[in-house]
Amino acid sequence: MGCKWSPVRVGSPRPNYRRQLITAFFAMYYTYILYSEKLAVFYTGHTKDMERRLEEHNRGKSAFAAKGMPWRVVYRFEASSRADAAKLERKIKKRGAQRFLRDLNLQLA
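Its first residue numbered 123, the sequence shown is counted upward by one per residue in our numbering.
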């Protein structure tokens, strides 16, 4: 609560704000590998919102993504921080997505 002579009153945060704080605190980051059958190409990236990011790829927000539509998720890994997600993304890109998946014994269905 503010000072007794101040018109400003401090109360608890609005419920929506509280929910946003909780979501941000517990939010996971994802490293993902997408595959385009049309181009026979893999795409590797990381994001905080997997559904939104896949939708962006499949809406063709970039020229490259538009050429490969539809994209499908073939691998998704949860990370507790953006740094960890980016580190795994770099590891996958260095190794190559197809080889990385083969090392995990994952097959494209």
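All residues carry an ideal CB built from backbone N, CA and C; glycine is no exception.
Check	Outcome
Where the beta strand (DSSP E) through residue 200 begins and ends	193-201
The alpha helix (DSSP H) enclosing residue 223, as first and last residue numbers	219-225
Cβ pair residue 164, residue 220 closer than 9 Å	yes
Where the beta strand (DSSP E) containing residue 161 begins and where it ends	Looking at the DSSP string, residue 161 is not in any beta strand (DSSP E), and its letter there is neither H nor E.
Of the residues 177, 210, 160, the one placed nearest residue 167, counting alpha carbons only	210
Identity of the residues DSSP links to residue 155 by a beta bridge	166, 197
Rounded C-alpha distance that separates residue 179 from residue 156	9 Å
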